[in-house]
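Asks:
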């Protein structure tokens, strides 16, 4: 199994995985985007934040990425996380491995707090966030209508770095020292190998 940064050539495979969730309330998107639209979306996030893919035997089986949590400048030290796994690869620890690596990379960028939104009930995703030390912030009640009913979304939050009195602006993932990035990837691959 390999974990690496996503490349544009991966976007069709990521869309295939995302498509597995389009008819569920896991995503509130109701129609699968085109490859072009999806590629622009992932590419825009990957210009600044880490976008990770996991592949096994040359097949992409999951991905996770960070993106802006809110748009105003004062929110720059926050990031929202997204993760999607091929249905055959859930409940195997891969989500946790990707999240640990993603959070470590975001910390190197200067991110202080990460957030995750989960349509509930979703025991696997709720369990992942809780096992990783996220705190429940609250619930958006009946905030999305999909699959014939209204759904609640629970928001999770985790502090990943100290809140300095004069924080430095966050830096793009490409500006993070390569040796620090490589060390995090090595640790993630050791975690995968130990399973």
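In my numbering, the protein residues as written are 20 to 214. We put the beta carbon where it would ideally sit given N, CA and C, even for glycine.
If you draw a straight line from the C-alpha of residue 199 to the C-alpha of residue 127, how long is it?
Replies: As a first step, residue 199 must be located in the chain shown, where it is residue number 180. As a first step, residue 127 must be located in the chain shown, where it is residue number 108. If you take the alpha carbons of residue 199 and residue 127, they lie about 8 Å apart.
Asks: Tell me the DSSP secondary structure of residue 99 in three-state form.
Replies: Here residue 99 is taken as the residue at index 80 of the chain shown, counted from 1. Of the three classes helix, strand and coil, the one that applies to residue 99 here is strand, per DSSP.
Asks: Under 7 Å Cβ to Cβ from residue 137, same chain only, skipping five residues before and after it: list those, please.
Replies: Position 118 of the chain shown, counting from 1, holds the residue named residue 137. Taken in chain order, the residues that qualify are 144, 145, 148, 172, 173 and 175.
Asks: Ignoring anything shorter than 4 residues, give me the alpha helix (DSSP H) runs that lie fully in the stretch 24 to 65, in order along the chain.
Replies: Listed in chain order, the alpha helix (DSSP H) runs fully inside the stretch 24 to 65 are 30 to 38 and 54 to 65, counting runs of at least 4 residues.
Asks: Measure the Cβ-Cβ separation of residue 100 and residue 85 and say whether it is below 7 Å.
Replies: Sequence index remark: in the chain shown, residue 100 carries index 81 (1-based). Sequence index remark: in the chain shown, residue 85 carries index 66 (1-based). Taking 7 Å as the Cβ cut-off, residue 100 and residue 85 qualify as a contacting pair.
Asks: Determine, for residue 116, whether the minimum Cβ-Cβ distance to residues of chain D falls below 7 Å.
Replies: Of the chains in the structure shown, none is chain D; there is only one protein chain.
Asks: Please report the distance separating the alpha-carbon of residue 120 from that of residue 110.
Replies: Mapped onto the chain shown, residue 120 falls at position 101. Mapped onto the chain shown, residue 110 falls at position 91. Distance between the alpha carbons of residue 120 and residue 110 is about 17 Å.
Asks: Alpha helix (DSSP H) containing residue 128: first to last residue?
Replies: The residue you call residue 128 lines up with position 109 of the chain shown. Boundaries of the alpha helix (DSSP H) around residue 128: 113 to 128.
Asks: Specify, as a first and last residue, the run of the beta strand (DSSP E) that residue 75 falls within.
Replies: One-based indexing of the chain shown puts residue 75 at position 56. Residues 70 to 75.
Asks: Run through DSSP, which three-state label would residue 199 get?
Replies: In the chain shown, residue 199 corresponds to position 180, counting from 1. Helix.
Asks: Within 8 Å, do at least three Cβ pairs link the stretch 67 to 78 to the stretch 20 to 32?
Replies: yes
Asks: Under the three-state reduction of DSSP, which class applies to residue 175: helix, strand or coil?
Replies: Mapped onto the chain shown, residue 175 falls at position 156. It is a strand residue.
Asks: Alpha carbons only, please: which of 170, 48, 180 and 117 is nearest the one belonging to residue 158?
Replies: The residue given as residue 158 occupies position 139 in the chain shown. When each option's Cα is compared against that of residue 158, the closest is 170.
Asks: Assuming residue 177 and residue 152 are in contact, meaning their beta carbons sit under 8 Å apart, how far apart are those beta carbons, in whole angstroms?
Replies: To locate residue 177, count along the chain shown from 1; it is residue 158. To locate residue 152, count along the chain shown from 1; it is residue 133. Confirmed, about 6 Å.
Asks: Among the residues of its own chain, which have a CB less than 8 Å from the CB of residue 33, if the five just before and after it don't count?
Replies: Stepping through the chain shown from its first residue, residue 33 is reached at position 14. 25, 57, 61, 72, 79, 82 and 103, listed in sequence order.
Asks: Who does residue 6 pair with in a DSSP beta bridge?
Replies: The chain is shown from 20 up to 214; residue 6 falls before or after that span and cannot be answered.
Asks: Ignore the nearest five residues each way along the sequence and tell me which others in residue 31's own chain have a CB closer than 7 Å to its CB.
Replies: On the chain shown, residue 31 is found 12 positions in, with the first residue counted as 1. Around residue 31: 54.
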